[in-house]
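The working numbering puts the first residue of the sequence shown at 1421, with every later residue one more than the last. Don't be surprised by glycine CBs; every beta carbon is placed ideally from N, CA and C. One structure below.
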Amino acid sequence: MEKHANQIEYEKRIGRTLITEEQIKEEIKKAGEKISALYDGRPILLVAILKGSFVFMADLCRAINVPCEIAFMCAQSYFSGTESSGKVNVVMDLDRDVTKNHVVIVEDIVDTGRTLKYLHKLIGERNPISLHVVTLLDKKERRVVEFTPDLSLFEIPDYFVIGYGLDCDEKYRNLPYIAEYNINI
Ligand code: 5GP
């Protein structure tokens, strides 16, 4: 059967694989061990920043062995395609108080740093017992505001990437690996 035109266009946009499933798995195992050792039995609250970190959160929480609760927050900084708006919008806030929690923010990627700088301040002002940030990807060279995550699994160059939760116009989140997005085809 011939491929549908949508499928052909969809596949053409998936570029070179930057990070394989195996590499992700390996780094998540190490990150889980580091986080478990850092809290050493103390309960933590993982806060995933939606939508991009939903896959990372699902795998990371299963690599952690301290008592662990999960919560979600939805922030938008990209409104369409690959263009950043430069503004951070909290579309869905936390549904709980965090004053009794060691909070770990779980993010997919730090790019300009604006989103995490904003969310770190916002959550920090709610007085959690402690606050740390873990990110799957870090595009250090793209930073426009100063922000350093406590733990970063992969540093990547300035490519627009898709997969493992990261989208382009809401698609490609279900790719099990990280690929470069082909902007021009
Ligand atoms: P920042 O505020 O650090 O510029 O951007 C953070 C957000 O921008 C991420 O949570 C993610 O949603 C989006 N973003 C930044 N770079 C990329 C990228 O290469 N690919 C995708 N899909 N999203 C990105």
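Residue i: first and last residue of the uninterrupted alpha helix (DSSP H) it sits in
i            : result
residue 1459 : 1441 to 1459
residue 1478 : 1474 to 1481
residue 1431 : 1425 to 1432
residue 1539 : 1534 to 1544
Continuous beta strand (DSSP E) stretch holding residue i: start and end
i            : result
residue 1601 : 1598 to 1601
residue 1575 : 1571 to 1575
residue 1555 : 1550 to 1558
residue 1524 : 1522 to 1530
residue 1565 : Here residue 1565 belongs to no beta strand (DSSP E), and DSSP marks it neither H nor E.
residue 1464 : 1464 to 1470
Outcome for residue i when other beta-carbon atoms lying within 10 angstroms are tallied against a minimum of 16
i            : result
residue 1575 : exposed
residue 1548 : buried
residue 1445 : exposed
residue 1452 : buried
residue 1487 : exposed
residue 1566 : exposed
residue 1569 : buried
residue 1448 : buried
Short Cβ contact (8 Å threshold) for residue i with residue j
i            : j            : result
residue 1435 : residue 1590 : no
residue 1573 : residue 1529 : no
residue 1497 : residue 1535 : yes
residue 1441 : residue 1596 : yes
residue 1532 : residue 1563 : yes
For residue j and residue i, the rounded distance between their alpha carbons
i            : j            : result
residue 1473 : residue 1423 : 31 Å
residue 1462 : residue 1516 : 19 Å
residue 1459 : residue 1479 : 18 Å
Query raised in the report: Can we say the region 1509 to 1523 touches the region 1538 to 1546, given the rule of at least three CB pairs closer than 8 Å?
Result: yes
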